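In what follows, a single structure is set out as structure tokens and then discussed.
Protein chains in written order, with the UniProt record's numbering: chain A, 1 to 437; chain B, 1 to 437; chain C, 1 to 437; chain D, 1 to 437.
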């Protein structure tokens, strides 16, 4: 991540109603932000038992307890140790246990074995969080930039793990024959099929892409530098593809017809016997889907979710369209964006399409784009351990844009670049169509 | 297992001081036995947190919580459901979750995924145990043979899982960089090297082998029927091989010299980089070993433990001896056996050799024999699900005899046949030498 | 293998009509034997093209070319190099390429990569054989025991590879969609169902087992020493199980009913989707089988072949019988044996049961026994590389007795112990039933 | 691939001296082209024995024999069957055996099992080629567009396989302990270190990219349509990185320092123990490299070759530069390109840098670019089987530009897009540096 010119602090950083904070000094406002984001992690973990917080259902996913500790380790390692004089490390062993992937920090516990860590227990992790929070409060009293920039980074980092905490426990619960419920479902609205897709037209020309470092507000280094691209004429759908539309693809033999699939995708379809999005299961002639509210009927009015890039691309070809490139997504988002009621606090299955139809390009599912994750022209990773934050993952991944129903409020941005391998399905990932004009 | 003629109830079944029970009616005495064995499982699990009880460190090992539930399911499925009128199953889903391997009972949760079961939690498993225990108490009030036979079987089954509970959590803890301590170590005696091995001589001839069904006392079906074998002259060592002796093998290049190894064993040595027993690790020029009391120095006076059959056989060849066949072990045990103070309640690393030297062939480590696990002549597995208890595992496993420091008091027998694949090392497995005369 | 007292030379060693040889000095007779066995290998390889001789269809199987070279390397390494003064090694690289598993000889080409050896080509392997044969002829002019013993061992070794050459190319051809024909089929006799099984009764008592080293004739070290066993009453079927009988097992759901299967066997049935013996494939409502004569209809009058130990054991349990232990097989063979016309030169699918019904216990399929492969009491492997011949494989394998249609004439013996892992199916392996009386 | 407007035939298509062909009718010239390209395949295969042509050393590589048959099948399937009336298929089984990946054509032999196909033999493959060539000659007498376009496609396809034939046999030979020589080495020039890199500057602006369909000459569909991109200022090195330069990276701990590596690359470095380019091996303190001329000393004046994308990217980061994007490569190539003597007929290890220094951006190694392989804006794969030629591979691969010492004369183009997964090393792949200005 790039610290200079990046973490300019401003209301834009604050995801919550900000009126009351406006007059306070900057470090005070960041203290409030720190408290609220740290508390949100604990709020998300609260419904989960000690056992729930310990299990790991695949190497890509981490235990809840691990997320809680790792985000704390991030503050301890990158902020308290270098900058808070006299800080006493909570437990020296944690540097090995809760380093995720920072080679520069040293060796670490192997990722696929995070689920074997019964110790430290849930309670000791809570103690760890309190220990670090207390020290952070001390530091915040006097901290100035660039330390404040690092704290903002740490908070954005924690927000990313808040979403992962949810996707990872969803995956774990989906593997249990008991299909546990993370949170009771709200009473659902009636199914109302979304109107036909409208197309947002964009004319060919030169467009700016990425975050402008001179602007206010936080962005990750991979969103920078702002640069220029030339785009041909194109159009972008005004909403993601719905379950109902996706079922038409399935009913037309989508999962049995290789002509729609990338070669690697078709290999997975056959090896893994994919015949529907992840978490769907046939129940007689109908489909059910496992959600954080438990097993539910698939709703035709929701955006299709938990599909891989391969499925998104196959659907697009079947539909005679294509997936948008990330630049196309961003340019259209700038033009047609209007914010919408963020629905995630209500439920964790993607919100219905109809309810937010008129509102925004950003939706309740991350949207696969046709762009491989690559550095922007002029990008340079920072030196040192934090330079590993983004840059070293720029291979074999596709960019997703938007946000999901599990993205923390205020964490999304038009320039935000999420990224996952094309076969990944455990994120809240859907897609939107594009076409040439 | 074979129910008729097998589970004759008698003091022989009762592992605890039995004087006080002698005068009571049989079912009352079995009730006491039931209570004490069930309580022992809970006593063994008590030092383990909810998180500890949930993890599974390899497919062969099961979570503590699972052992507690599975042994309960055994009583529910094989005794309460068929024999207690009006019994209400605690949770129908548990039949899927806690069936270990009984094909006749139906499909079951895949073994390698037991560590993904955060639910039911530790507390709900405790409730399950209480529910079943209450029903069992009711049944015991009126039960007669053959139900009492099945209960005795269920209790022996639970005792087997008590030992597995310990070996499995030991394996799990050994994978943690924190090396958790299950139980504080007693103050250890001074190291006193064991005297040289003496040899117990046996003359060639016909010998009876196995449990005599007409005798009192419980035995598993695989210990029967009693039959005759012809043995040539041989001699058996009067104690297992010690750590000190095993280190001489290591120092002589034991793990680098293929001439001592079975071909499959040598392949594992190279693939897994074995250079010492499991749980040993080099600490400078010394060796430490992970135990249920945490990391400790290797003691030369303890029997070598956590070695595979391959290592036992390689050592024997290096030493110019061989491993005993299981018949040879049993015949010598009958001849030279004298009971000894059972040490397991004191500590969970194998007891020192010297302390029990004069006592018995049975020791604090299971002892690999040179015999593949096979049915005795005349063996027939019972019809039905319980016929799966032993018979279907009679392939690719080697017999171990004796008992270990983790074996419940009273669970061992001279005719007892334990069995594991030749590469297994997570059991308390050592070995004793034999030679032709 | 054990050289002393073992390789006493006698007519018993000579597989071919021996009248003409009787009067010649021993080394001359062994020269003839050498020539005929070496020529037989080339005769078996002759129908195979350079490409056929190069491919390797699984790690367990070796290319034809490799068998031809390895058997030659055996003579070069164990006989010519130590005993023929001035012998010049054909190509020093061959010691690495064609050492099968002799750790004492040094490192060797990895077994699964034998199929990558395009060089040396077929013709150069032929040159190698000529080079070694010429040197062997020199040596044979003057050789005496114990060199002659080693030569006899080398010839028995080559005969073992003659059978493997056939089983391995059969496996390779079975993987080709073209189903190549190794040898044109003879005109087959009409199908005549075999008579019901008769049972050969054996009374309980002490019996000698194994090869007596003081007797004439060659035996491998694993057949020795002769020793005594005690057997209970039993009966052995007078012929192997037929395809027709095995189909009744299949029709009764044999491959879908776990109650007949060892646990490891049932796991393979499911993982590999076994539903018939190897090389069978459904053709509408009938079954065909791939043979060295190409694809043919399954004949009900032939012994079932290419079944694993697991299938043999499952069938036996279904039939209310069991598999014989290897001692039982040997004792019955001694009692009821009468030699029969060896059929292998006629065809390479197992001969019909009816044609040889009245003749012998030894048949045209190897017969799985219920005995794990283990050393006989008193067995000691030779020191040095040749000690690796048999001993180091005595784990995780089951003994097969008899011979097959692919066994070279004269290579079989009543005491012969063949051995393969219980899951192996690419050998000509069937089985015979036994029962307690 | 795109047939319309693409395969305009012209001298540009003809890789060989064309003077003599100029006056002949188009189909006649294509007949000559057909003959010369088909003959070139046979010339390349000629040094390889039947055994050499059969082996397959990894799933990504194919046997020589398979390449010869597959390219023939391409003409048979896509041209003769649909367009030559009365054409009789050589062998119906070949459609299954030699279909590479065309799902629309039907099922096919699994790729990793191509090395098990001893049949058809080398000679029968030769017959197949003659059979198809004769039929093609008939067709060529009367063929017109669009059939001629398809034939040109088939010839370009065959040229691609000519290069693969060489890379695949090189990989196979490298796995042999004998290190076979494909072709004797020419006498090598003295080592003359290349001059320092010069940088070709390019100014920011809009640039055309890709093949213009209205131009003469063949191009694959993935090179189209021509479109516009905006590039920032940059500079491109005037030659690839040399072995000598790469050794400086190695000497500086390049393979031990994670800070230079993409995360997936670092994982491979550790798992596969990479410490040098593929085919290099340490010989004391020096390095040797396996080539098609056998094992040779590594020359500091040659371009580094057989490196993965990961190694190229790590080197670039170490050198303070970056890899060029494919658009940058193409634009600089148009500006600075001047043709150079094609060296491949002389040798198959990459030509020395010095000899061609002044000449061209195109060199004797394929050059990794920083661009993921993706469709150009406006790209649509053809309908039908030939639409699978390129489009379905546009995921998880990186684009390489230029050509290699193994690329057939005349097969390269400035717009040519080669592509391989980032971990691939068995192609003749090197790289060139770029930097921002």
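Even for Gly, the Cβ is constructed at its ideal location relative to N, Cα and C.
Just so you know, these numbers come straight off a predicted model, no measurement behind them.
Determine, using beta carbons only, whether residue 428/C and residue 64/C come nearer to each other than 9 Å. no
Buried or exposed: where does residue 88/B fall if 16 or more other Cβ atoms within 10 Å of its Cβ makes it buried? Using a 10 angstroms sphere on the CB of residue 88/B, the tally of other CB atoms stays under 16, which defines it as exposed.
Could you give the DSSP three-state label for residue 182/C: helix, strand or coil? coil
Could you list which residues in chain D have their beta carbon closer than 9 Å to that of residue 485/C, in chain order? The structure shown does not extend to residue 485/C, since chain C is modelled only from 1 to 437, so the question has no answer here.
Using a cut-off of 9 Å between C-beta atoms, extract the partners of residue 55/C located in chain D. 54, 55, 115, 116, 117 and 118
Nearest to residue 264/C by CA position, among 303/C, 396/C and 295/C, is which residue? It is 396/C.
Please state the DSSP three-state secondary structure of residue 314/B. Under the three-state reduction of DSSP output, residue 314/B falls in the helix class.
With a threshold of 7 Å on Cβ separation, who are the neighbours of residue 107/B within its own chain once the five nearest residues in sequence on each side are excluded? 96
Could you compute how far the alpha carbon of residue 182/A sits from the alpha carbon of residue 292/A? 5 Å
Within 10 angstroms of the Cβ of residue 214/B, are there 16 or more other Cβ atoms? Answer buried if so, exposed if not. exposed
For a cutoff of 9 Å on Cβ pairs, would you count residue 295/A as touching chain B? no
Would you say residue 253/B lies against chain C (beta-carbon separation less than 9 Å)? no
Compare the C-beta of residue 183/A with all C-beta atoms of chain B and state if any pair is closer than 9 Å. no
Hey, quick one: how far does the beta strand (DSSP E) through residue 418/B stretch, first residue to last? 418-420
Look up residue 423/D in the DSSP assignment and say whether it is helix, strand or coil. coil
Ends of the alpha helix (DSSP H) at residue 441/B? Residue 441/B lies beyond the residue range present for chain B, which begins at 1 and ends at 437; the question has no answer from this structure.
Buried versus exposed, by CB contacts within 10 Å (16 or more), residue 498/D: Residue 498/D is absent from the model: chain D starts at 1 and stops at 437.
Does chain A have any CB closer than 9 Å to the CB of residue 228/D? yes
In its own chain, which residues sit with a C-beta less than 7 Å from the C-beta of residue 250/A, not counting the 5 before and 5 after it? In its chain, beyond the 5 residues on either side, 276 have a beta carbon closer than 7 Å to the beta carbon of residue 250/A.
Report yes or no: is there a C-beta of chain D within less than 9 Å of the C-beta of residue 65/C? yes
Could you tell me the distance, in whole angstroms, from the CA atom of residue 419/C to the CA atom of residue 176/A? 43 Å
Could you tell me whether any Cβ in chain A is nearer than 9 Å to the Cβ of residue 341/D? Caution is warranted here: a pLDDT of 42 is assigned to residue 341/D, below 50, making its placement in the model unreliable, and the coordinate value is therefore given only provisionally. No, no contact with chain A.
Element boundaries [beta strand (DSSP E), containing residue 283/A]: 280-283
Return no unless some Cβ of chain A is closer than 9 Å to the Cβ of residue 136/B. Output row for residue 136/B: interface = no.
Buried or exposed for residue 205/C, going by 16 or more other Cβ atoms inside 10 Å? exposed
Which parts of the UniProt domain "DinB-like" (36-163) of chain C are runs of the alpha helix (DSSP H), unbroken and 4 residues or longer, counting only runs that do not cross its ends? Within the UniProt domain "DinB-like" (36-163) of chain C, the runs of alpha helix (DSSP H) at least 4 residues long that lie entirely inside it are, in chain order, 64-75, 94-97 and 122-142.
Identity of the residue in 116/C, 85/C, 236/C and 56/C nearest residue 172/C by Cα: 56/C
Compute the Euclidean distance between the alpha carbons of residue 413/B and residue 221/B, then round it to the nearest angstrom. 13 Å
Do you know whose CA, among 146/D, 256/D and 245/D, lies nearest residue 305/D's CA? 245/D
For residue 368/D and residue 309/D, which I take to be in contact (beta-carbon distance under 8 Å), what is that distance rounded to the nearest angstrom? 5 Å
Bridge partner(s) assigned by DSSP for residue 402/A: 366/A
Is any beta-carbon of chain D found at less than 9 Å from that of residue 236/A? no
Between the Cα of residue 252/D and the Cα atoms of 314/D, 62/D, 382/D and 236/D, which residue gives the shortest distance? 314/D
Which bits of chain C does residue 264/B rub up against, with CB to CB less than 7 Å? 395 and 396
Which word fits residue 285/B, buried or exposed, when buried means at least 16 other C-beta atoms lie within 10 angstroms of its C-beta? exposed
Spatial neighbours of residue 37/A within its chain, please: CB distance less than 7 Å, with the 5 preceding and 5 following residues excluded, ordered by chain position. A distance below 7 Å between beta-carbons, with the five flanking residues on each side excluded, links residue 37/A to the following residues of its chain, in chain order: 155, 158 and 159.
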